[in-house]
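> Protein chains in written order, with the numbering used here: chain E, 1 to 534; chain F, 535 to 733. Where is the CB? At the ideal position from N, CA and C, for every residue including glycine. Because the structure is a prediction, the values reported are computed rather than measured. Input: one structure, supplied below.
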Amino acid sequence: MENYNINRNRKPLTDADVQKGKNFDAFMNAYTAKKPSFFRTGKFYVLAAAAGTVIAVGAYMLTGTSTPGNSTETTAFINPLFEEARNPDTSFVVEAKEGALIMNNNGSMIQVPKKAFLDSAGNIIDGKVELRYREFHDAAKIFMAGIPMTYDSAGTQYHFESAGMIEITAWQNGKPLKTNPDSLIHVAMISNSDEDRFNTYYLDTTAKKWKYINDEKAVAFSLPTEDSTSNSTVTTTPDAPPVPPKVADKNKPSFAIAFDPAEFPELTSYKGVRFQVDESVTPYNKDDKKVAWEDVVIERMKKADVLRVRFTAGSREAVYVTTPVVDEKDFAKAKASWEKRNAEYEAAVKAKAKREEELAKKNEEAMLEKDRHRIWVNDTMAARALRMRMAANLQSSTQSMIMREFVISDFGIWNADCPTSLPDDWIVNANMIDGKTGKPIEAHMFYLVEKNKNALFMYVSGNLGQFGFARTADNMIWAVTKDGKLATVSVDDFKTATANDKKEVTFKFTISDKPVANGAQARAQLGIPDATGS
Amino acid sequence: MFLTAKGMFMKMETRYHATREDIAAEEAEINAAKRDPRAFGPLYERYYERILRFVYQRTDSKDDAYDIAQQTFIAALENIGKYKFTGVPYSALLFRIALNELSRYYRKAKVRQSISIDDTQVADVLTEIGQENTADTDARLMKALQQLDPEEMNLLQLRFFDKVPFKDLCDILEISETAAKARVYRLLEKVKTIYTTLL
């Protein structure tokens, strides 16, 4: 009975065959398509909330009038709370030809190499360049800037929790500049979290989404470490060279043993291989063939065609230095097989040499890069920032000083983020009302904020029946009313809001008298002082 | 003379990782992918070719191999949240998933399990069971292989066709190295017995 289809001597896949199937983006599309539809998951409201919110508020912020029932007409992506929050609040002037090492007022460092800027035509530019820069270390600043904090990955909507975010742009004569891929700016941003769960993302304002960059980890600021990692090495070495077959000498003793072809591929050329004893090293003991050996170990010697065979049974041991041989009748076949394997081996050796050469070049480049980075960290950043810290008498000797590094391949917004889901510890039907008038709050979206956590969980007004939050957290709610005023529920007010037997909770908002005009006003009402100095 | 020995297999260096740094880096990649599926990229890039070739050896067409390899990675990513890193290379899990996906494919498509084998591998197996390599012994071995059950065939393929070292075999099968060796030993005995009955 035939149970298996046997494909005999089939051609292996070529590299082109492999490349044809290897496509991570296509794979992610397939993965996403296989996931259950959002409409069939309990998370639909999340997506609806996020999308609806961005679109609707965009409409309001840009035009001053909302478009109920037709909220897809305007699609602003970044929606600051007030105009001043639209742009970076710090600027540095750099001589493009020379580069610079810049220290932000909170200790973060910006390393601008020479020739780091290109104009819109791709030409390296000289002269003075203005770098506009800001950092985000709390939810209030992110909220004020109106930066979207949702992220789609493989069809699932996440909400970002940030370990620090930066915005960096470059300008000359009022025109935006581009990065030079051959000379990239590095930013070492002070972060308040040393946790490993944050990845690096870049906000692609053209595609209107966050792009995953890497899982770059935080680095302890005060401990620039010596490079402890060894250079990469070529780990796949060709097997040992196949041993050219020799005909057995009938006058010399030999024996056959089973061996693992994966261990000794060089012997697989041989058909009916025997191990011929070199009696000049150890005389052959005929009694050994009567012993039921428990173990046998084959070891390679310096010469490719010499193998030491060690037999053991209890305390008894026999060791022979041998040469693999074949009977005369098998020699022609063995030779042909050897020639084939030898050609393969030589090709593999050549390929390995080429890989090693490429790797050596890469290692050299990596070492130079590491050296440059280490010098920067050790000699400049640490010294300057520590001096600054001492001078400012920050009284934070126990405060962790953690750096997160961004390699600025494009100007814009870079974020160290961890994608998280909406809190679902407790889900209620939320009523949002004006604490003074008792009237419903007219806002397109509501942000749930946990104090001391840099995350904004967004809910659209139409989905407040599924308002989730963590009961143990210090929660706040922030919103912008349709007439541009800031509406907030403080931590204390949130705690006093209790659910009725239908799991309905009424949250009473404090509303500003008029639209907020600056960060100080906004922070005062949000209850988040600017502690970063950024 | 033919000397018998039980402990004929020796340890090999793993083919999966060269250094502890590699293993630590892989753990970081897995954790990143748990947080964000897009971060699965490096694992996919590293293992795609090996999984595809592995699957192709067990299917009759390239298109099926592409589909099953893709399904393997999808299943891996869907379950990455449950994955607990134990120092075993991630590839071991991928090979296990690939074998499951292949079983599912054979059942669903109602096709026989496929194996790919070349003359050298036939010669190797014949040597293992103490036979000469001739047209007759070759044909007899092919008949003997047809009588193995799927689990035995998987083991034979892994060990003798894919040349998976024991250290890695036990990671894939989630058994001890001793158990892996014992299974291979019993398998060869069974092949030998079946082969003998065909004489």
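Let me know the secondary structure DSSP gives TYR719/F once reduced to three states.
Correct three-state label for TYR719/F: helix.
> Between THR65/E and the rest of its own chain, which residues show a CB-CB distance below 6 Å, the 5 nearest in sequence each way excluded?
Its pLDDT being 31, under 50, THR65/E is placed unreliably by the model, and the measurement read from it follows with that caveat. There are no such residues.
> How long is the line joining the alpha carbons of ASP17/E and ALA562/F, rounded to whole angstroms?
Near 30 Å, if we compare the C-alpha coordinates of ALA562/F and ASP17/E.
> Indicate whether ALA145/E and SER193/E have their beta-carbon atoms separated by less than 8 Å.
No. Outside cutoff.
> Please report the residue range of the beta strand (DSSP E) in which TYR212/E lies.
Unbroken beta strand (DSSP E) run through TYR212/E: 209-214.
> Beta-carbon within less than 7 Å of ALA473/E's beta-carbon, same chain only, minus the 5 sequence neighbours each way: which residues are those?
Cβ neighbours of ALA473/E beyond the five flanking positions: GLU450.
> Do the region 73-93 of chain E and the region 512-522 of chain E make contact, defined as three or more Cβ pairs closer than 8 Å?
Segments in contact, yes.
> Could you tell me the alpha carbon to alpha carbon distance between VAL622/F and THR510/E, rounded to whole angstroms?
Computed Cα separation, rounded: 55 Å.
> Is TRP338/E helix, strand or coil by DSSP?
Here TRP338/E sits in helix by DSSP.
> Report yes if the C-beta distance between ASP469/E and HIS159/E is below 8 Å; otherwise report no.
Looking at the sequence provided, one finds Phe at residue 469/E rather than Asp. Going by C-beta atoms, PHE469/E is not nearer than 8 Å to HIS159/E.
> Could you tell me whether the Cβ of GLU2/E comes closer than 8 Å to any Cβ of chain F?
Chain F contact via Cβ: present.
> Locate the beta strand (DSSP E) running through THR654/F, then write down its first and last residues.
Careful: THR654/F lies outside any beta strand (DSSP E), inside the alpha helix (DSSP H) at 653-662.
> So is GLU266/E buried or exposed if we call it buried at 16+ other beta carbons inside 10 Å?
Classification for GLU266/E: buried.
> Spatial neighbours of ALA567/F within its chain, please: CB distance less than 6 Å, with the 5 preceding and 5 following residues excluded, ordered by chain position.
The answer, listed in chain order, is ALA573, PHE574, ILE614.
> Take the Cβ of MET165/E as the centre, count every other Cβ of all protein chains shown within 10 Å, and call the residue buried at 16 or more, exposed below.
Per the 10 Å Cβ criterion, buried.
> With burial defined as no fewer than 16 other Cβ atoms inside 10 Å of the residue's Cβ, what is the status of ALA479/E: buried or exposed?
When all chains shown are included, ALA479/E counts as buried.
> Do GLU317/E and ARG310/E have their CB atoms nearer than 8 Å?
In contact: GLU317/E and ARG310/E (Cβ atoms closer than 8 Å).
> Give the DSSP-derived three-state secondary structure of PRO324/E in the structure shown.
Three-state DSSP puts PRO324/E in a strand.
> Would you mind telling me which residues of chain E sit closer than 8 Å to GLU579/F, beta carbon to beta carbon, in chain order?
Ordered by position in chain E, the residues that pass the 8 Å Cβ test against GLU579/F are LYS22, PHE24.
> So which residues of chain F does ILE6/E contact, with C-beta pairs closer than 9 Å?
What ILE6/E touches in chain F: SER648, ILE649, SER650, ILE651, MET676, LEU679, GLN680.
> Quick one: is ALA539/F near chain E, going by C-beta distance under 8 Å?
The pLDDT assigned to ALA539/F is 33, lower than 50, so where the model puts this residue is not dependable, and the model offers no usable value.
> To the nearest angstrom, report how far apart VAL505/E and THR32/E are at their CA atoms.
Straight-line Cα distance between these residues: approximately 35 Å.
> Return helix, strand or coil for MET367/E, following the three-state DSSP convention.
Helix at MET367/E.
> What separation, rounded to the nearest whole angstrom, lies between the Cα atoms of ARG132/E and THR620/F?
For ARG132/E and THR620/F, the distance between alpha carbons rounds to 46 Å.
> Express the C-alpha separation of VAL297/E and ALA716/F in angstroms, rounding to a whole number.
Rounded to whole angstroms, ALA716/F to VAL297/E spans 17 Å at the Cα level.
> Taking the alpha carbon of ILE441/E as the reference point, which residue from PRO113/E, GLY462/E, ASP119/E has its own alpha carbon closest?
Residue GLY462/E is the option with its Cα nearest to ILE441/E.
> Would ALA522/E count as contacting chain F if we go by Cβ distances under 8 Å?
For ALA522/E, the answer is no, since every Cβ of chain F falls outside 8 Å of its Cβ.
> Tell me whether ARG86/E is buried or exposed, calling it buried when 16 or more other Cβ atoms sit within 10 Å of its Cβ.
The residue in question, ARG86/E, is exposed, as its Cβ has fewer than 16 Cβ neighbours within 10 Å.
> Mind checking whether ILE213/E and VAL187/E have CB atoms under 8 Å apart?
For ILE213/E and VAL187/E, no; Cβs fall outside 8 Å.
> Kindly identify the DSSP beta-bridge partner or partners of LEU118/E.
LEU118/E pairs with ILE124/E, LYS178/E.
> What is the rounded straight-line gap between the Cα of GLY435/E and the Cα of LYS508/E?
Distance between the alpha carbons of GLY435/E and LYS508/E: 4 Å.
> Write down the C-beta distance between TYR581/F and SER625/F rounded to the nearest angstrom, noting that I regard them as a contact closer than 8 Å.
Yes, they are in contact, since the Cβ atoms of TYR581/F and SER625/F sit about 5 Å apart, within 8 Å.
> Report the start-end ranges of each beta strand (DSSP E) in the region 495-534 of chain E that is 3 residues or longer and not cut off at the edges.
Segments of the beta strand (DSSP E) lying fully in the region 495-534 of chain E: 504-511.
> Check whether the Cβ atoms of PRO529/E and ARG523/E sit closer than 8 Å, and answer yes or no.
Against a cut-off of 8 Å, the Cβ pair of ARG523/E and PRO529/E comes out as a contact.
> Tell me, please, whether the CB atom of ALA716/F is closer than 8 Å to any CB atom in chain E?
For ALA716/F, the answer is no, since every Cβ of chain E falls outside 8 Å of its Cβ.
> Is it true that the CB of PHE255/E sits closer than 8 Å to the CB of PRO324/E?
No; because the gap between Cβ atoms is not below 8 Å, this pair is not in contact.
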